[in-house]
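Report on the following structure.
Number of protein chains: 2
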Amino acid sequence: MPKQVDHDQRRREIADAVARLAGKRGLAAVTFREVAAEAGISVALVQHYFGSKQNLLLRTVDIVSVRMAERFAARIGALGSRAGNVDRIRAIAESFLPTDEESRQMMVLYHAVGAVGLTDPDMRGDGAHHNHAALIRVMVELLDAGRAAGEIDDSVDVVAEARLFTAAITGLSAAVLLDALSADQAIDAIDAHLRRLSPAGSR
Amino acid sequence: MPKQVDHDQRRREIADAVARLAGKRGLAAVTFREVAAEAGISVALVQHYFGSKQNLLLRTVDIVSVRMAERFAARIGALGSRAGNVDRIRAIAESFLPTDEESRQMMVLYHAVGAVGLTDPDMRGDGAHHNHAALIRVMVELLDAGRAAGEIDDSVDVVAEARLFTAAITGLSAAVLLDALSADQAIDAIDAHLRRLSPAGSR
Chain A
1 MPKQVDHDQR
11 RREIADAVAR
21 LAGKRGLAAV
31 TFREVAAEAG
41 ISVALVQHYF
51 GSKQNLLLRT
61 VDIVSVRMAE
71 RFAARIGALG
81 SRAGNVDRIR
91 AIAESFLPTD
101 EESRQMMVLY
111 HAVGAVGLTD
121 PDMRGDGAHH
131 NHAALIRVMV
141 ELLDAGRAAG
151 EIDDSVDVVA
161 EARLFTAAIT
171 GLSAAVLLDA
181 LSADQAIDAI
191 DAHLRRLSPA
201 GSR
Chain B
204 MPKQVDHDQR
214 RREIADAVAR
224 LAGKRGLAAV
234 TFREVAAEAG
244 ISVALVQHYF
254 GSKQNLLLRT
264 VDIVSVRMAE
274 RFAARIGALG
284 SRAGNVDRIR
294 AIAESFLPTD
304 EESRQMMVLY
314 HAVGAVGLTD
324 PDMRGDGAHH
334 NHAALIRVMV
344 ELLDAGRAAG
354 EIDDSVDVVA
364 EARLFTAAIT
374 GLSAAVLLDA
384 LSADQAIDAI
394 DAHLRRLSPA
404 GSR
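Chains A and B, in that order, give the protein sequences. Going by my numbering, the letters in the first sequence line up with residues 1 to 203, in that order. Going by my numbering, the letters in the second sequence line up with residues 204 to 406, in that order.
Here it is, written out as structure tokens:
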């Protein structure tokens, strides 16, 4: 179905244009007119694919989330098949930090849409809330596997840890974006935390 | 100087009006006209005290930060003089969670202004960045004192832990505001994390 593929490709191009605009100038700059100009297509086509501005932002967050998942899948892949669960957790955590222009744009969009969702429940949708819950589930799986493999201490409360660590990742990402911390300082904080989860004897 | 006191009082009233508006309808609703109506004063008076919208938001975040500091000072005071450093850390962490209408409004404003700062460096000022750094310093002091008092394990890297925990607090606060977690789930995550900092023998 080549036609279907073209539509998905077009949606991704528009989402990229939204992420670039939001990353440079904030959500206030994301209008149909600006997005169309950034993507090099007509306003009518943007509206055809996304309907309303709310839908445009929510679908863009979904598309960007898929791209972020691809980023951390690539990082995990690069670790090789012998990588441990804690290595995988670290790779995911680091992929949330704005270490290059693409990740910076993606994280600005993630946080900015999340902030709009604070006062507008319609702007949560499949966005920040859903992604946060999905990330917690991934962390629970990896922490469970890490405990089973003896990488993580039996005393670790996996669900509580997954919730705290997911919050810490998003908080560190925002702190780096706001220049409150450097990416290296955030990585050090993540590493120090993960070391404390290892079995007592191996610390 | 009773006149000075009146000015401070007036600024706090205007800041309260900004926080109520932002908490209900987001930063987009914070206009001079709306703030004046919410505070029951003239637009000219709001402009007299705060000049620009940027200044209004940044000064409001400062005033709200002072109020948040008062909130956690009150919580720490309520613990009594025999409270440990970890109890104080927990009290500060919990005061960041939106557990009542006042704290919900304050945290919405904190996160929303932080989100604007992501793409507008002028909107960081003494706001989110400064507050984040100040909170990290408070955490470093309490963690150091906790280590000295034997409440916290010697192996804990105090600076790295302060950075991670501060990020976790702000991330948990956002997750509760977005209904991704309940306040009780966030408190459980904080407690589980703090338990892991205690000396190995006493866990």
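A virtual CB, placed ideally from N, CA and C, is assigned to each residue, including glycine.
Cα-Cα separation between residue i and residue j, rounded to whole angstroms
| i | j | result |
| --- | --- | --- |
| A:ARG71 | A:PHE96 | 9 Å |
| B:ARG307 | B:GLY226 | 7 Å |
| A:SER173 | A:ALA149 | 29 Å |
| A:ARG203 | B:LEU346 | Bear in mind that the predicted position of A:ARG203 carries a pLDDT of just 49, short of 50, making it too unreliable to give a figure here. |
| B:ARG399 | B:ALA296 | 16 Å |
| B:THR234 | A:LYS53 | 22 Å |
| A:VAL113 | A:VAL61 | 8 Å |
| B:LEU261 | B:LEU282 | 32 Å |
| A:ILE190 | A:HIS48 | 43 Å |
| A:SER182 | A:PRO98 | 10 Å |
| A:ALA91 | A:ASP16 | 23 Å |
| A:ARG11 | B:ARG228 | 30 Å |
| B:ARG340 | B:ALA232 | 33 Å |
| A:LEU45 | B:LEU230 | 30 Å |
| A:ALA134 | A:ALA83 | 22 Å |
| A:LEU194 | B:SER284 | 33 Å |
| A:ASN55 | B:ILE244 | 38 Å |
| A:ARG33 | B:ALA403 | 59 Å |
| B:ARG278 | B:GLY374 | 21 Å |
| A:ASP184 | B:ALA272 | 29 Å |
| B:ASN369 | A:ALA19 | Residue 369 of chain B is actually Thr in this sequence, not Asn. Rounded to whole angstroms, B:THR369 to A:ALA19 spans 27 Å at the Cα level. |
| A:ALA39 | A:GLN9 | 12 Å |
| B:SER401 | A:SER198 | 15 Å |
Rounded distance between the beta-carbons of residue j and residue i, thought under 8 Å
| i | j | result |
| --- | --- | --- |
| B:LEU380 | B:VAL267 | Not confirmed; about 15 Å, so no contact. |
| B:ARG350 | B:VAL359 | 7 Å |
| A:ALA145 | A:ASN85 | 5 Å |
| B:ARG270 | B:MET309 | 7 Å |
| A:ALA192 | B:HIS335 | No, A:ALA192 and B:HIS335 are not in contact; Cβ-Cβ is about 18 Å, not under 8 Å. |
| B:ASP357 | A:ALA160 | Between A:ALA160 and B:ASP357 the Cβ distance is about 24 Å, and since that is not below 8 Å, they are no contact. |
| A:ALA175 | A:ALA186 | 7 Å |
| A:ILE14 | A:VAL35 | 6 Å |
| A:HIS111 | B:LEU321 | 6 Å |
| B:VAL343 | B:VAL319 | Not a contact, Cβ separation roughly 28 Å. |
Buried versus exposed call for residue i [16 or more other C-beta atoms within 10 Å across all chains shown]
| i | result |
| --- | --- |
| A:GLU101 | exposed |
| A:ARG88 | buried |
| B:PRO324 | exposed |
| B:HIS210 | exposed |
| B:ALA276 | exposed |
| A:GLY51 | exposed |
| B:GLY280 | exposed |
| B:ILE355 | buried |
is_contact[residue i, chain D] using C-beta, thresh 7 Å
| i | result |
| --- | --- |
| A:GLU13 | The structure shown contains no chain D; the protein chains it does contain are A and B. |
For the stretch 112-146 of chain A, which residues have a CB atom closer than 7 Å to at least one CB atom of chain B, in sequence order? ALA112, GLY114, ALA115, VAL116, GLY117, LEU118, THR119, ASP120, ARG124, ALA128, HIS129, HIS132, ALA133
Interfacial residues, the stretch 207-230 of chain B to chain A, with Cβ spacing under 9 Å: ALA225, GLY226, LYS227, ARG228, GLY229, LEU230
Of all the residues that make up the stretch 93-113 of chain A, which are near chain B by a beta-carbon distance shorter than 7 Å? VAL108, HIS111, ALA112
Please list the residues of the stretch 366-393 of chain B that have a C-beta atom closer than 9 Å to any C-beta atom in chain A, keeping them in chain order. ARG366, LEU367, PHE368, THR369, ALA370, ALA371, ILE372, THR373, GLY374, LEU375, SER376, ALA377, ALA378, LEU380, LEU381, ASP382, ALA383, LEU384, GLN388, ALA389, ASP391, ALA392, ILE393
Short-range partners of chain B found in the stretch 47-58 of chain A, where Cβ spacing is below 8 Å: none
Give the residues from the stretch 149-163 of chain A that approach chain B closer than 9 Å (Cβ to any Cβ), ordered along the chain. ASP153, SER155, VAL156, ASP157, VAL159, ALA160, GLU161, ALA162, ARG163
Along the stretch 72-91 of chain A, where does the CB come closer than 9 Å to a CB of chain B? Name the residues. none
If the cut-off is 9 Å on Cβ atoms, which residues from the stretch 31-44 of chain A count as contacting chain B, listed in chain order? none
What residues in the stretch 262-274 of chain B bring their beta carbon closer than 7 Å to a beta carbon of chain A? none
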